[in-house]
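Remarks on the structure that follows.
There are 2 protein chains.
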Amino acid sequence: MASARAGAAQAAADKRRQILDAAVRVFARQGFNQCRVSDIAAEAGVAYGLVYHYFRSKDEVLDTLFLERWNVLLEVIRELDGRDLAAREKLHAIAAFIVDSYRHDPELMKVIIVEVTRAANSFGRTHLPKIREAYDLIADIVEAAQADGTFRPDVTPDFAAMAFYGAIEQVLTGWIFEVLPRGDEEYERSKAFVVETICSGLEPR
Amino acid sequence: MASARAGAAQAAADKRRQILDAAVRVFARQGFNQCRVSDIAAEAGVAYGLVYHYFRSKDEVLDTLFLERWNVLLEVIRELDGRDLAAREKLHAIAAFIVDSYRHDPELMKVIIVEVTRAANSFGRTHLPKIREAYDLIADIVEAAQADGTFRPDVTPDFAAMAFYGAIEQVLTGWIFEVLPRGDEEYERSKAFVVETICSGLEPR
DNA sequence: CATGCGATTGACTCGTCAGTCAACCGCGAG
DNA sequence: CTCGCGGTTGACTGACGAGTCAATCGCATG
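Going line by line, the protein sequences match chains A and B. First residue of the first sequence? That's 1073 in my numbering, and the numbers climb one at a time after it. First residue of the second sequence? That's 1073 in my numbering, and the numbers climb one at a time after it.
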């Protein structure tokens, strides 16, 4: 019975996952506002009402997708922060994580960037504090590097963090909307490029 | 009669402008999707139907606002392109124009960035080619600088353009959502900062 | 086999707007 | 003064889609 319960719980969790995965595909294809809850249900091969069994609202589905992934990003940055690495290496690891997230699941990253991160008027507004945590952590890295003389002291860490994150996000956006060429090689080059460029700009002349 | 007609035409143009200006305020305050056409009419002090006399649809109002401003940006970049200036100065002028646009009319820039430029799934999709023109012009500047040795040749101009534009847009976004401090001094510093950083990163070591 | 409970279904409700349209206004021309 | 036309009005319609809910299913348990 314990295992039976566990089995049932597992099945329920699977259905939930199934809905979330379908939602990623639908949001990526049609955009959050343009898609209907019935599209998600259809894509998941599930009845309309079931979406509301697992989620309070359409919004909650997107919230869940965003938070799941963003929390992983924050964990990665925090873990990095604790380590004894050069700022350049920390920033490289962050860029690498974001780019690899895109490589691994482009649809999910498209949804997160297009519908949340870059949509600060609708969803971004709600999640702004969460998004900001990432900016702040990056700013901390810059600040520490300024303290030990690796980076020039005459740039506000906040600005530097925004420029760094903005550059990466714009490159991702370029891939998402096929303005920039994609491919494993491009991904690797762009990690290096963004970090190179920004760090060179931040190091003392 | 000629002047009478001109007067009437002027009055009509004024009403149109009045609606556009009201739309900027409403879009900036509530967001395009969250606002109703009746909100625009009310803000403009005009009847609901009049909006549809001057514009085919709610979308066309936003399209108009975006194109009006974006075309000015493109003109500025093209004019700059023709001049005999260092790449760094050209990029500085572009950054300055964008930042000053924000200083001059923050609400309009908020609408353009949040609802069009960063909303590539809805409006951005339609205007992608237009937005891309700006990226391409910036990339041209980088390419020319690489040809004459001012910039390192090992960075794709497209990447550099995206990083440059992305950094600026993210800083604007920071101001828009009050993540970064605002003020004339900040604006001046950030123009210099973004250009400094990116150019330093692009120049040969 | 009977019971019960959570998972699942999908038809329906209910509010919301974008866009339409027929009527009205005011001004210049004849 | 009257005609006509473009500008102006706002009540109305039609579609749409999020969220509800009562009914059904199926599985574990006793």
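C-beta atoms are modelled at their ideal positions from N, C-alpha and C, and glycine is treated no differently.
At a cut-off of 8 Å, the C-beta of ALA1159/A has no neighbouring C-beta in chain B. A contact between stretches requires three or more CB pairs, one per stretch, nearer than 8 Å, and the region 1214–1233 of chain A meets this requirement with the region 1265–1274 of chain A. Interface criterion met: the Cβ of LEU1252/B is under 8 Å from a Cβ in chain A. Under a criterion of Cβ atoms nearer than 7 Å, the residues of chain A adjacent to PHE1265/B are, in order, VAL1227, PHE1231. Interface flag for THR1136/A against chain B is unset, since no Cβ pair is found closer than 8 Å. For GLN1106/B, the number of other beta carbons within 10 angstroms of its own is below 16, and it is reported as exposed. Taking CB atoms only, MET1234/B has a neighbour in chain A less than 8 Å away. In the three-state reduction of the DSSP assignment, PHE1223/A falls in the coil class, being assigned neither a helical nor a strand state.
From the listed residues SER1110/A, ILE1184/A, VAL1098/A, THR1228/A, the smallest Cα separation to VAL1144/A is found for ILE1184/A.
Taking the CA atoms as reference points, PHE1138/B sits about 44 Å from ASP1086/A. Under the three-pair Cβ rule at 8 Å, the region 1099–1116 of chain A counts as touching the region 1187–1199 of chain B.
Distance from the CA of ALA1233/B to the CA of ARG1160/B, rounded to the nearest whole angstrom, comes to 13 Å. Taking a 10 Å sphere around the C-beta of PRO1229/A, we find 16 or more other C-beta atoms and assign the residue as buried.
According to the DSSP assignment, LEU1157/B belongs to no alpha helix (DSSP H), since it is labelled neither H nor E. Between the region 1232–1247 of chain B and the region 1233–1243 of chain A there are three or more C-beta pairs closer than 8 Å, enough to call the two in contact. Within the model, the alpha-carbon separation for GLN1090/B versus VAL1096/B is close to 10 Å. Here DSSP, grouped into helix, strand and coil, assigns GLY1255/A to coil. Contact annotation: the region 1127–1135 of chain B does not touch the region 1175–1182 of chain B, with fewer than three C-beta pairs closer than 8 Å. Contacts with chain B at 8 Å (Cβ-Cβ) do not include ARG1097/A.
Residue contact check for ILE1149/B against chain A: no CB pair falls below 8 Å.
In the DSSP assignment, THR1245/A falls within the alpha helix (DSSP H) that extends over 1229–1248. Looking at the backbone, the Cα of VAL1118/A and that of ALA1264/B are separated by about 54 Å.
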